[in-house]
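Enquirer:
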Amino acid sequence: MVKIGDIELPDFPLLLAPMEDVSDPPFRALCKEQGADVVYTEFVSSEGLIRNAAKSVMKLDIYEKERPVGIQIFGANMESMLQTIDIVEKSNPDIIDINFGCPVKKVVSKGAGAGILKDICLMEQLTAEMVKRTNLPVTVKTRLGWDHDSIKIVEVAERLQDVGCKAISIHGRTRAQMYKGEADWKPIAEVKNNPRMHIPVFGNGDVDTPEKAMLMRDSYGLDGAMIGRASIGNPWFFKQVKHFFETGEHLPPISLAERVEAARRHLQMAIDWKGEVLGVFETRRHYTNYFKGIPHFKEYRMKMVTSDDSKDVFAAFDEVLDKFSDYQFQ
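The sequence shown begins at 1 in UniProt numbering and counts up one residue at a time.
The following block contains the structure:
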């Protein structure tokens, strides 16, 4: 059993990574149904929250069926981050996660996200004060370091643990790498193998097959895997990994009917949550992956990603189901 504070999770839990414009309530619900053990919100700006920015406040919406769910926040200003804790607690999440890993320039330029990897003392101080501010378990998501020459993740993880962090998720790249090259899990394993570490250490980066998840578990000895890009348009990934762990075999490919049904439910939940206009617009990014592999699909994809009326998108789903009913996914 793995524990984040008092939250009990199964051996080697699978966590849905916080992803901007992806891990919203509809997508989290689908991933939860398919076996995600913990789900995280999109990352929420502390500055946006304390200014009551509508987009930031909306990201605090969580639902009972998602639990355990973590709300992830980012920022570099101590007072803003502490005020954010007070606001976030009102949404009653199970976990508060601090983003010390986002590599995007507009976040890093403010000293937040991966930008704080240049100031490990501030990283430690922020975590310590946020832990003091709440009774909820505080976790951290970060990267190996700012660049190859400044990787101190073993020390960083130990310092964060010592000030009360209840779990750490580590992306196996530096900020300088962004999302290029291969993730390096060896330094994450070094964190886990540090005899002073006793909190869960989760690996993140390039876990895109059940075999890689098993490698992370069995060869690197990590406590769990945080899944990001592999789940986009493929909420079944969590179920696929768990089936492989249990049987050593791959699940049969997800059928076209299942994919259409998931896309249909995803869109409807998005409309119910954020309204017709945003629901239609912000679900578009998932369709390419839902139907990845179908030949000569461009005409139908264009209908899905250019239609502003949900009726047209739902109609496109029906067309796909009819047109490609005999297609077998690999």
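Idealized CB from N, CA, C, for every residue including glycine.
Please classify Arg28: is it buried, with 16 or more other beta-carbons within 10 angstroms of its beta-carbon, or exposed?
Expert: Translated into positions along the sequence shown, residue 28 becomes position 28. The residue in question, Arg28, is buried, as its Cβ has 16 or more Cβ neighbours within 10 Å.
Enquirer: By how many angstroms is the C-alpha of Ile227 removed from the C-alpha of Ile62?
Expert: Taking the first residue of the sequence shown as position 1, residue 62 is located at position 62. Taking the first residue of the sequence shown as position 1, residue 227 is located at position 227. So the alpha carbons of these two residues sit roughly 19 Å apart.
Enquirer: Using alpha carbons as the reference points, say which of Glu258, Trp236, Asp162 and Ser150 lies closest to Val140.
Expert: Translated into positions along the sequence shown, residue 140 becomes position 140. Considering only alpha carbons, the answer is Asp162.
Enquirer: Would Tyr220 pass as a contact of Lys192 if the rule is Cβ separation under 9 Å?
Expert: Walking along the sequence shown from the start, residue 220 turns up at place 220. Walking along the sequence shown from the start, residue 192 turns up at place 192. Yes. Within cutoff.
Enquirer: Alpha helix (DSSP H) containing Gln125: first to last residue?
Expert: The residue given as residue 125 occupies position 125 in the sequence shown. First-last of the alpha helix (DSSP H) with Gln125: Ile120 to Arg133.
Enquirer: May I ask which residues mark the beginning and end of the alpha helix (DSSP H) holding Ile188?
Expert: If you number the sequence shown from 1, residue 188 lands on position 188. Run containing Ile188: Lys186 to Asn193, per the alpha helix (DSSP H) assignment.
Enquirer: Which residues mark the beginning and the end of the beta strand (DSSP E) in which Arg143 is found?
Expert: As a working mapping, residue 143 is identified with position 143 in the sequence shown. Where Arg143 is concerned, the enclosing beta strand (DSSP E) stretches over Val138 to Arg143.
Enquirer: I believe Gln72 touches Phe43 by the beta-carbon criterion, under 8 Å. Please report the beta-carbon distance rounded to the nearest angstrom.
Expert: Numbered from 1 along the sequence shown, position 72 holds the residue referred to as residue 72. Numbered from 1 along the sequence shown, position 43 holds the residue referred to as residue 43. Rounded, the Cβ-Cβ distance is 5 Å, consistent with contact.
Enquirer: In the DSSP assignment, the beta strand (DSSP E) including Gly70 goes from what residue to what residue?
Expert: Translated into the one-based positions of the sequence shown, residue 70 becomes position 70. Where Gly70 is concerned, the enclosing beta strand (DSSP E) stretches over Val69 to Phe74.
Enquirer: Can the beta-carbon of Lys152 be found less than 9 Å from the beta-carbon of Ile116?
Expert: Translated into positions along the sequence shown, residue 152 becomes position 152. Translated into positions along the sequence shown, residue 116 becomes position 116. Their beta carbons are not under 9 Å apart, which means Lys152 does not touch Ile116 by this criterion.
Enquirer: Would you mind reading off the limits of the beta strand (DSSP E) that contains Gly293?
Expert: The residue given as residue 293 occupies position 293 in the sequence shown. Note, Gly293: premise wrong, no beta strand (DSSP E); not H, not E.
Enquirer: Compute the beta-carbon to beta-carbon distance between Phe238 and Leu14, rounded to the nearest angstrom, for a pair I have assumed lies under 8 Å.
Expert: Here residue 238 corresponds to residue number 238 of the sequence shown, with the count starting at 1. Here residue 14 corresponds to residue number 14 of the sequence shown, with the count starting at 1. The pair is a contact, with the Cβ atoms about 5 Å apart (cut-off 8 Å).
Enquirer: Looking at the structure shown, is Asp322 part of a helix, part of a strand, or coil, going by DSSP?
Expert: Counted from its first residue, the sequence shown places residue 322 at position 322. Three-state DSSP puts Asp322 in a helix.
Enquirer: Can you tell me which of Pro18, Gln330 and Met304 puts its alpha carbon nearest to the alpha carbon of Leu267?
Expert: In the sequence shown, the residue the question calls residue 267 occupies position 267. Checking every option, the nearest Cα to that of Leu267 belongs to Met304.
Enquirer: Quick check: what's the CA-CA separation for Leu222 versus Ile199?
Expert: Locating residue 222 in the sequence shown gives position 222, counting from the first residue. Locating residue 199 in the sequence shown gives position 199, counting from the first residue. Roughly 11 Å separates the two Cα atoms.
Enquirer: Does DSSP put Ala29 in a helix, a strand or coil?
Expert: Against the sequence shown, residue 29 aligns to sequence position 29. Ala29: helix per DSSP, three-state reduction.
Enquirer: Considering just the uninterrupted stretch of the alpha helix (DSSP H) at Met214, what are its terminal residues?
Expert: The sequence position of residue 214 within the sequence shown is 214, counting from 1. First-last of the alpha helix (DSSP H) with Met214: Pro210 to Asp218.
Enquirer: Just the Cα atoms here: how many angstroms apart are Gly145 and Val280?
Expert: The count along the sequence shown starts at 1 and reaches residue 145 at position 145. The count along the sequence shown starts at 1 and reaches residue 280 at position 280. Each residue's alpha carbon lies about 38 Å from the other.
Enquirer: In the DSSP output, what is Ser45 paired with across the bridge?
Expert: Taking the sequence shown and counting its residues from 1, the one referred to as residue 45 is at position 45. In the DSSP output, where bridge partners are listed per residue, Ser45 has Phe74.
Enquirer: Could you tell me the alpha carbon to alpha carbon distance between Phe291 and Gly70, rounded to whole angstroms?
Expert: For the purposes of this step, residue 291 is taken as residue 291 along the sequence shown, with counting starting at 1. For the purposes of this step, residue 70 is taken as residue 70 along the sequence shown, with counting starting at 1. Rounded to the nearest angstrom, the two C-alpha atoms are 29 Å apart.
Enquirer: Does the distance from the C-beta atom of Asn77 to that of Ser56 stay below 9 Å?
Expert: Your numbering for residue 77 matches position 77 in the sequence shown. Your numbering for residue 56 matches position 56 in the sequence shown. It is not a contact, given that the beta carbons lie outside the stated cut-off.
Enquirer: Whose C-beta lies closer than 7 Å to the C-beta of Lys65 among residues of the same chain, with five residues either side of it excluded?
Expert: Position 65 of the sequence shown, counted from the first residue, corresponds to residue 65. Excluding residues within five positions, the ones whose Cβ falls inside 7 Å are Ala29 and Lys32.
Enquirer: By how many angstroms is the C-alpha of Asp11 removed from the C-alpha of Leu215?
Expert: Here residue 215 is taken as the residue at index 215 of the sequence shown, counted from 1. Here residue 11 is taken as the residue at index 11 of the sequence shown, counted from 1. Roughly 15 Å separates the two Cα atoms.
Enquirer: Within the continuous alpha helix (DSSP H) that includes Pro286, where are the two ends?
Expert: Taking the sequence shown and counting its residues from 1, the one referred to as residue 286 is at position 286. As written in the sequence, residue 286 is His, which differs from the Pro given in the question. Here His286 belongs to no alpha helix (DSSP H), and DSSP marks it neither H nor E.
Enquirer: Evaluate Lys132 with the Cβ neighbour count: other Cβ atoms within 10 Å of its Cβ, from every protein chain shown; 16 or more gives buried, anything less gives exposed.
Expert: The sequence position of residue 132 within the sequence shown is 132, counting from 1. Per the 10 Å Cβ criterion, exposed.
Enquirer: Is it buried or exposed, residue 410, if we count other Cβ atoms within 10 angstroms and call 16 or more buried?
Expert: Outside the modelled stretch of the chain, which goes from 1 to 330, sits residue 410, for which no answer is possible.
Enquirer: Could you check where the beta strand (DSSP E) with Asp272 kicks off and where it finishes?
Expert: The residue labelled residue 272 in the question sits at position 272 within the sequence shown. Unbroken run through Asp272 is the alpha helix (DSSP H), Leu256 to Lys274; no beta strand (DSSP E).
Enquirer: For the beta strand (DSSP E) that Glu225 lies in, which residues bound it at each end?
Expert: Indexing the sequence shown from 1 puts residue 225 at position 225. In the sequence as displayed, the identity of residue 225 is Ala instead of Glu. Gly224 to Ile227 is the span of the beta strand (DSSP E), which, as asked, contains Ala225.
Enquirer: Could you check how far apart the C-beta atoms of Val108 and Arg175 are, in whole angstroms? I think they sit under 8 Å.
Expert: Here the question's residue 108 lines up with position 108 in the sequence shown. Here the question's residue 175 lines up with position 175 in the sequence shown. Confirmed, Cβ separation roughly 7 Å.
Enquirer: DSSP state of Glu8, grouped into three classes?
Expert: Here residue 8 refers to the residue found at position 8 of the sequence shown. Glu8 falls in the strand class under three-state DSSP.
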